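Q:
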Amino acid sequence: MNSQDRWWEQARCAGMELGEFFRVEGEDVDARDEREQRVVRQVCAGCPVATECLRKAIETSAVGVAGGMNENERDRYRRSLLRNGLLTIDRRTGRCTWLVTPDVEVIVCEHCHRRGEYEGPGPRGERLIRACFNRWWQAGCPGQVPAPRPRHRGQRGTRAA
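Positions in the sequence shown are counted from 1; adding 24 to them yields my numbering.
(1) So, does the region 114–121 touch the region 69–77, judging by three or more C-beta pairs under 8 Å?
(2) Which class does R139 belong to by DSSP, given the choice of helix, strand or coil?
(3) How would you label E41, buried or exposed, when you count the other beta carbons within 10 angstroms and need 16 or more for buried?
(4) Beta-carbon separation of G24 and V132 under 8 Å?
(5) For a test of the three-state rule: what should DSSP assign to A55, helix, strand or coil?
(6) Could you have a look at M25 and say whether DSSP puts it in helix, strand or coil?
(7) Look up C120 in the DSSP assignment and say whether it is helix, strand or coil.
(8) For C71, is the classification buried or exposed, using 16 other Cβ atoms within 10 angstroms of its Cβ as the cut-off for buried?
(9) Could you give the C-beta distance for C68 and R116, rounded to a whole number, given that I count them as a contact under 8 Å?
(10) What would DSSP say about A184, mapped onto helix, strand or coil?
What follows is the structure in structure tokens.
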């Protein structure tokens, strides 16, 4: 077994108490979001194996924070990969298989501090994920990245009758 097969040994979280990475029963949603973002900023940001961790978490439908994303973020990302033909899912086992190993760099965005695929440099050369880069580009490339539109809880997924 070579060192690439044991990538987790180089993870920043190796040897840490991992309780902060997992959901606590009865935990308030806002408290969970805050805890998960703190873990992403303090541990996952800058982890040398974060991309491999994210790939493995997507393949196995891992729970908790892994690869710098929480379960909901990974589910959205997994659905996007499935839609774009980069991933397939075995309906019997639920495991995912990469059809094409994506050549992406997963970063912590220097604007919003969320984890995602690196899309390009921002107005001051900062490294941006796709959502921030697209907002900046669509605004006509101003001197700073525009803030995202506020998202109200409970509005996602609602449809007009």
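Glycine included, each C-beta is placed from N, C-alpha and C at the ideal position. Owing to the predicted nature of the structure, the values given are computational and were not obtained by experimental measurement.
A: Quick look at the numbers:
(1) no
(2) The residue labelled residue 139 in the question sits at position 115 within the sequence shown. The answer is strand: DSSP assigns R139 an E or B state.
(3) Here the question's residue 41 lines up with position 17 in the sequence shown. Flag for E41 reads exposed.
(4) As displayed, the chain neither begins before 25 nor continues past 185, which places residue 24 out of reach and without an answer.
(5) Walking along the sequence shown from the start, residue 55 turns up at place 31. Residue state, collapsed to three classes: helix.
(6) On the sequence shown, residue 25 is found 1 positions in, with the first residue counted as 1. For M25, the predicted structure reports a pLDDT of 43, less than 50, and the residue's modelled location is therefore unreliable. The matter cannot be settled from this model.
(7) Residue 120 sits at position 96 when you count from the first residue of the sequence shown. Residue state, collapsed to three classes: strand.
(8) Looking up residue 71 in the sequence shown gives position 47. Classification for C71: buried.
(9) As a working note, residue 68 is residue 44 in the sequence shown. As a working note, residue 116 is residue 92 in the sequence shown. Wrong, their Cβ atoms sit about 31 Å apart, outside the cutoff.
(10) Counting from one through the sequence shown, the residue named residue 184 turns up at place 160. Note on A184: pLDDT 49, under 50, position unreliable in the model; the coordinate value appears next. In the structure shown, A184 sits in coil (DSSP, three-state: anything other than H, G, I, E or B).
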